[in-house]
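Reviewing the structure listed below.
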Amino acid sequence: MSRPPSPPPHPAGAALLLMLTLGGLVAAAAVPSLRMLAAPLGGVLLLVLLFMAFGGAAPSRPAAPRAVPRPEPAPAPGWASLTPREFELQVAEMFSRLPGWQAEATRGRADQGADVLLSAPGGERVAVQVKRYRAAVGNGAVQAIVASKALYGCQHALVVTSGPGYTRAARELAQANGVALWAARELDILRHCAERGLPLPPELQLVG
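For the sequence shown, position 129 (counting from the first letter as 1) is numbered 128 according to numbering that gives the first Met the number 0, and the numbering increases by one without interruption.
Below you can see the structure in the form of structure tokens.
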């Protein structure tokens, strides 16, 4: 552990030492045997006293405080880390946490195109095709959910993807058949509403 620097001598104390030293040198000059040593010795002592009085070590600057790094918020878990089945269950879970909604995940391969079945607050039903994709979803998913909507007696249909979106053919087919298409942005809004128990915003309403 380093010792703190000594404070510079007080100006009044240094002046007193200077006067005493000069007095001693004058007295030494009066003695013949010490007269030859008085001049060089006095010069050295004078320089030392002047340094102590007006120079000295420069006061050390206090160390600048170190900036404490702020912890970065943990990112939300990515959909890509889930298996396709886990993604289906997650979508069903989020819908079930919306006010008045009920959601049921179907049984995997025997789903006939619908991975999740929704019941809206007013009783209308929605068939949902869930695609955990990295690429754009093609029109095959839209064709499958259109068929499932009739099979399960649903009034509405929705395709949800974790990917960047849909091909042009898929969008055209969905528009012709009244199928809603959701991608990453809509998923984030759904998650936000589910975590806070909020209803879906008007632009994401699936019924009515």
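Backbone N, C-alpha and C define an ideal beta-carbon position, used for all residues, glycine too.
Residue state for Leu157 is assigned as strand, using DSSP reduced to three classes.
For Val206, the closest of Arg190, Cys153 and Ala135 by C-alpha to C-alpha distance is Cys153.
Excluding residues up to 5 positions away in sequence, Thr105, Ala126, Val127, Gln128, Ile144, Ser147 and Tyr151 lie with their Cβ nearer than 7 Å to the Cβ of Ala113 in the same chain.
Taking 3 residues as the shortest admissible run, the stretch 75-137 contains the following complete beta strand (DSSP E) segments, listed from N- to C-terminal end: 101-104, 115-118 and 124-130. When only Cα atoms are considered, Ala134 and Val178 end up about 19 Å apart.
With fewer than 16 neighbouring CB atoms inside 10 Å of its own CB, Ala175 falls in the exposed class. Measuring C-alpha to C-alpha distances from Arg84 to each of Lys130, Leu197 and Ser118 identifies Lys130 as the nearest. Ala183: member of the alpha helix (DSSP H) spanning Ala183 to Arg195, first to last residue. Per DSSP, the beta-bridge partners of Tyr165 are Val136. Ala193 is positioned such that its CB atom lies no closer than 7 Å to that of Thr160. DSSP lists Val158 as the bridge partner or partners of Leu180.
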